[in-house]
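Here is the structure we will look at.
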Amino acid sequence: MDETNQLPSRYESSEHEQKIYKLWEEAKAFAPKPKQEGEKTFSVLMPPPNANGSLHVGHAVFVTLEDLMTRYHRMKGEAAVWFPGFDHAGFETQVVFEKVLQKQGKSRFEMERDEFYDATLAYTKDNSEFMLNQLKRLGASADWENLKFTLDEDVVDLVYQTFVQLYEDGLAYRAKRPVHWCVKHQTTLSDLEVKDHEQTDSLYYLKYGPMIVATTRPETIFADVAVAVHPEDERFQQYIGQEIEVDFGINKRMIKVVADEMVDREFGTGAVKITPNHDAADFEVAQRHNLPTDLIAINQYGKLTDLAGPLAGLKVDEARQKTIELLEEKGLVEKIDTNYHHSVKTCYKCDRVIEPRMLTQWFIAVNQDGKKTGKNWARDAIQAVADNKTQFVTPRFRKVFDHWMSIIRDWSISRQIVWGIRIPAWYCQCGGTTVKLPSKTKLTFLRHGQAEHNVKQIGNGDPTQSYPLTDQGKEEIKKALTEFKSDNRHFDLIIASEMERTQQSAQIIADGTEIKIDARLNDVKLGGLEGASIAEIHEATSYHEQSAQGSETFTEVTRRVEDLLRDLEANYQNKKEVLIVTSEIIFWALRQVLHPELEPHEMKHHIKNGESYTFSLGDITPCAKCGQMNVERDLDVFDTWFSSGQWPHIVPKTTNRADDFERFYPTSVMETGWDILFFWVARMMMMNIYLTDDVPFKHIYLHGMVRDKDRQKMSKSKGNVMDPLAVIDQYGTDALRLALVFNTSTGNDMSMSEEKVKGMRNFANKLWNVARFTLMNLEGNSFEAIGDSSSLSSLSRMKSDIEDPDKSSSSGRDSSTPLPAGESAQNENKNEHTERSFDSAQDESLKTPQPLNQADKVILDKLNHTIKETTRHFDEFRFHEAAQGLYQFLWSDLADTYLEAAKEPLNGTDDDAKVNTQQILLYVLTKTIKLLHPIMPFVTELIWQSLPSAAKDNKLLINASWPVND
3 MDETNQLPSR
13 YESSEHEQKI
23 YKLWEEAKAF
33 APKPKQEGEK
43 TFSVLMPPPN
53 ANGSLHVGHA
63 VFVTLEDLMT
73 RYHRMKGEAA
83 VWFPGFDHAG
93 FETQVVFEKV
103 LQKQGKSRFE
113 MERDEFYDAT
123 LAYTKDNSEF
133 MLNQLKRLGA
143 SADWENLKFT
153 LDEDVVDLVY
163 QTFVQLYEDG
173 LAYRAKRPVH
183 WCVKHQTTLS
193 DLEVKDHEQT
203 DSLYYLKYGP
213 MIVATTRPET
223 IFADVAVAVH
233 PEDERFQQYI
243 GQEIEVDFGI
253 NKRMIKVVAD
263 EMVDREFGTG
273 AVKITPNHDA
283 ADFEVAQRHN
293 LPTDLIAINQ
303 YGKLTDLAGP
313 LAGLKVDEAR
323 QKTIELLEEK
333 GLVEKIDTNY
343 HHSVKTCYKC
353 DRVIEPRMLT
363 QWFIAVNQDG
373 KKTGKNWARD
383 AIQAVADNKT
393 QFVTPRFRKV
403 FDHWMSIIRD
413 WSISRQIVWG
423 IRIPAWYCQC
433 GGTTVKLPSK
443 TKLTFLRHGQ
453 AEHNVKQIGN
463 GDPTQSYPLT
473 DQGKEEIKKA
483 LTEFKSDNRH
493 FDLIIASEME
503 RTQQSAQIIA
513 DGTEIKIDAR
523 LNDVKLGGLE
533 GASIAEIHEA
543 TSYHEQSAQG
553 SETFTEVTRR
563 VEDLLRDLEA
573 NYQNKKEVLI
583 VTSEIIFWAL
593 RQVLHPELEP
603 HEMKHHIKNG
613 ESYTFSLGDI
623 TPCAKCGQMN
633 VERDLDVFDT
643 WFSSGQWPHI
653 VPKTTNRADD
663 FERFYPTSVM
673 ETGWDILFFW
683 VARMMMMNIY
693 LTDDVPFKHI
703 YLHGMVRDKD
713 RQKMSKSKGN
723 VMDPLAVIDQ
733 YGTDALRLAL
743 VFNTSTGNDM
753 SMSEEKVKGM
763 RNFANKLWNV
773 ARFTLMNLEG
783 NSFEAIGDSS
793 SLSSLSRMKS
803 DIEDPDKSSS
813 SGRDSSTPLP
823 AGESAQNENK
833 NEHTERSFDS
843 AQDESLKTPQ
853 PLNQADKVIL
863 DKLNHTIKET
873 TRHFDEFRFH
883 EAAQGLYQFL
893 WSDLADTYLE
903 AAKEPLNGTD
913 DDAKVNTQQI
923 LLYVLTKTIK
933 LLHPIMPFVT
943 ELIWQSLPSA
953 AKDNKLLINA
963 SWPVND
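Position one of the sequence shown corresponds to residue 3 (my numbering), numbered consecutively onward.
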């Protein structure tokens, strides 16, 4: 038998994978098919990777599983879409970027807020591009044309809307409560962002007036407000309700004794000191007994405050020892137990011990009914799972979910960091809090060009007096215009004062843009000082702090500006960019409104002619309580999970297809690691049920953690981390994907090693050899391959068709090539790559051949069984069983058994038996690569390109139909 060169002798993944992926992209194969009546849909959200690093093998797991599901449902003829995205990952990213700055000898505390934010944004954009390429190398067939980022403007808008809705419903509230504080990172952490660490410390027994208390934190005694005992503890009945004098080493104070059931009579002496600012349980005791909560012993930097007297400024560890030394000198230490085992909370990023602090934060009430909606986050999520609206693929996780939801506490969503979505709340000196959607309108204040009165150094506040621009002034404004154009700035509206110089400046800028005149932008009225020298005016008015000869004061000018800003905020929300052309004193008034904390000399700095200042109208807003403009916006940002928790409803609402939310929400499945069940999955359930009145996803599939071959956790310090891209370079993407699927069962951790991937590379080679054997033995049959005999040339030919669909008649098919089943000559010229064929839900590419012997019957029966079982396993999320079954079928049943049996008829003299065997080989190969495609997309697509055209129902395997039983 002559061997043809249908496929090269070896499958070299590195030569083909990127070419194949580009073929899919150019064919727009990743987008869902257009909406049809009675359609079936499948949708899945990519857990947005943090845009602060590179992918690890854990990412490879979710990419493989979610891509597998999407490809499977796409082949079943469903409208399938995989929504991709990246997460700004607030605190996580800021920590990573601060390390980058440290290597450069910089610190975020040396940078302005906007400067640090912009630098972080640039860093994440670079990383996102890198990670996007990594995701593509893993074979991700995601809808990249709708790639979302959690800081995209449309995403941020929806996050703001959610917060305002929660606030108006009474579920978002601001309160001063104990929070977990990381001293290193200078931010609060949620309950889920702290770890419990078991350690051995000293337990100190301190004399406390007539009592003895036991504590591990003697350094906090300077902020003690009471001592608590159990109400039924007979040892302390005489003291309950009384005040006792306590010596704190540096002073003596009267301390109240309270009875509270939270006290464990078996701990220490049964008497517990109460320090509300430094312990959450103590704060609750203080609330119940109306105790003061204003004493602070440890500041935000982890150092003792002035309350500690001579110990002020010491860090906690040193302060603890010094406190004990001070108390021992006065005989106030009863004893010390140096072997006390207990649990302390630590930061999940830096492992530093958490300092409980009292801070005013924003919280979400998760167990409270909304005052407008009546909705309850925790209750409604629990009920949705109970009603099976959302089902856990692994039942044990439902029990874990139910338990956690039953004990959930209000969620602190404030973070004291820069990187993230800033909370849209403003605070007024009157005590008012304003929560609203921030305006997106950009305001640019431009000082007019030099005018004649500037040259003469005289004052002009009367708009009826003529002081036009000088030639220099005109050039200054032209320069400003050039800068605006270079920055691609386009103004929707220009507002100028009544002054001649500002209107002339506006005309130079306008270029057809509407100009409005507003007297509130006029220069300061000078009264009898009109035309006087600037020096005389400043001396007479103390820089306009007082009136002289009927002149206007700076306070009066500021009121004008406040009124203007109020008007802009109320009536110009539909404008994207507004230019305001005015004078220097209006700049000063603007700074007064934006920064009321500034001293006069800081506020009234010189603004050059032609100089501009841009800010967002969203930075200012009138107080909802008193109407004044001197409000300050909250500096905190949302916890990153507050935005990513809304991902299921946000993403389909913000794609380039208007009906995606209607079609694809709820999503079909949420696939992610079990370790973020509470961080993300539970919060998505609560938030999206509240926002949409429906669950965010129908199924929850939680995969396990990837461990090394010894089932140890992978970590850089252990040197056992597996780099997925390095593995791909050596063994190919398909081998890695198959190894991951083969070893993944829902909810269970998996062990992974290079040897396992190498073994799956051998399987890819086995598949390749089966395909070569089949194609080499097709000579003399009625089928012809597309393109020439080289599969790589076939790919090049297809790419040429995509780039120039008119280059070849019949879509790249030679006129003598038989048409695929069901295709007529009338649609021969249709470009099947750029215009996807979406109607091939039925697998009708080849008729089922008839078995002529027992070997034929067995392989066809086993193929049918494999199709049935693979389909069932995929439908039931049992992907590892599907992979194992396919492995067994290809290697044992097809390669080791049937191919050996086929050699006799293929080499024999019975032409009918030979042709029938050829048909069976081609039929089985075609079905097999379809079954394997969701797991091993690259090698199967490459083989598909070398199959005879009549064996295929679509030019691209990714768009072909899923096999069905005969």
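Glycine residues also receive a C-beta, built at the ideal position from the N, C-alpha and C atoms. Since we're looking at a predicted model, the values are computed, not measured.
| query | result |
| --- | --- |
| Just reading off the beta strand (DSSP E) that V335 is part of, what are its end residues? | V335 to C349 |
| Might you give, ordered along the chain, the residues of its own chain that have their beta carbon closer than 8 Å to the beta carbon of L693, omitting 5 neighbours on each side? | T164, Q167, Q648 and H651 |
| In terms of residues, what are the limits of the alpha helix (DSSP H) holding K932? | D913 to L934 |
| E532 to C628, Cα distance in whole Å? | 35 Å |
| At what residue ranges does the region 386-462 contain a whole run of the beta strand (DSSP E), taking only runs of 3 or more? | 427-430, 435-437 and 444-449 |
| Report the three-state DSSP secondary structure of E200 (helix, strand or coil). | strand |
| Please classify R503 as buried or exposed, where buried requires at least 16 other C-beta atoms within 10 Å of its C-beta. | buried |
| What would DSSP say about H651, mapped onto helix, strand or coil? | helix |
| Rounding to the nearest angstrom, what Cα-Cα distance links E500 and N573 in this structure? | 21 Å |
| Near L153, what residues of its chain come up, given a Cβ to Cβ distance below 6 Å and the 5 sequence neighbours on each side ignored? | H90 |
| Identify which residue in A498, V639 and A521 has its Cα closest to the Cα of I510. | A498 |
| What is the C-beta distance between F250 and I223, in whole angstroms, given that I count them as a contact (C-beta under 8 Å)? | 6 Å |
| Where N456 and T616 are concerned, what is the direct C-alpha to C-alpha distance, given to the nearest angstrom? | 24 Å |
| Cα separation between H705 and Y13? | 31 Å |
| Return the CA-CA distance between P624 and R568, expressed in angstroms with no decimal places. | 7 Å |
| Flag this pair as yes or no: are the beta carbons of F556 and E547 separated by less than 8 Å? | yes |
| Between the C-alpha atoms of N301 and T307, what's the straight-line distance to the nearest angstrom? | 6 Å |
| For the beta strand (DSSP E) holding K700, just list the boundary residues, first then last. | F699 to H705 |
| For the region 114-133 against the region 46-66, do three or more pairs of beta-carbon atoms, one drawn from each stretch, fall closer than 8 Å, so that the two count as touching? | yes |
| Taking 8 Å as the threshold (C-beta atoms), are A230 and Q287 in contact? | It is Val, not Gln, that sits at residue 287 in the sequence shown. Their beta carbons are under 8 Å apart, which means V287 touches A230 by this criterion. |
| Could you name the residues of the same chain whose beta carbon sits closer than 6 Å to that of S549, not counting the 5 residues immediately before and after it, in chain order? | T555 |
| Within 10 Å of its beta-carbon, does N967 have 16 or more other beta-carbons around it, so buried, or fewer, so exposed? | exposed |
| What residue does the beta strand (DSSP E) around G675 start on, and which one ends it? | T669 to G675 |
| Residues in the same chain with beta-carbon distance under 8 Å from F765, minus the five sequence neighbours each way, listed in chain order, please. | A737, L740, Y889, L892 and W893 |
| To the nearest angstrom, how far is the alpha carbon of P726 from that of V59? | 5 Å |
| If we call anything under 8 Å between Cβ atoms a contact, is G514 one with G529? | no |
| Please name the residue or residues paired with F1 in a DSSP beta bridge. | Because residue 1 is not part of the residues shown, which for the chain are 3 to 968, the question remains open. |
| Please check the pair I536 and Q459, which I expect to be a contact at CB under 8 Å, by giving their CB distance rounded to whole angstroms. | 5 Å |
| Got a sec? Which residues, its chain only, sit under 7 Å from K391 by beta carbon, not counting five neighbours each side? | V697 |
| How would you write the range of the alpha helix (DSSP H) that D116 sits in, first residue to last? | R115 to R139 |
| Taking the CB atoms as reference points, tell me whether R372 and L160 lie closer together than 8 Å. | The sequence given here has Gly at residue 372, not Arg. Cβ atoms of G372 and L160: not closer than 8 Å. |
| Going along the chain, which residues of its own chain have a beta-carbon closer than 6 Å to the beta-carbon of H232, five neighbours each way excluded? | V265 and R267 |
| Quick one: any contact between the region 320-339 and the region 372-389, if contact means 3 or more CB pairs under 8 Å? | no |
| On the three-state DSSP scale, how would you describe S544? | coil |
| One question on the structure: do P358 and D412 come within less than 8 Å of each other, judged by their Cβ atoms? | no |
| Here's a check: name, in chain order, each residue in its chain whose Cβ is nearer than 7 Å to the Cβ of T942, leaving out the five neighbours to either side. | I931, L934, H935 and L959 |
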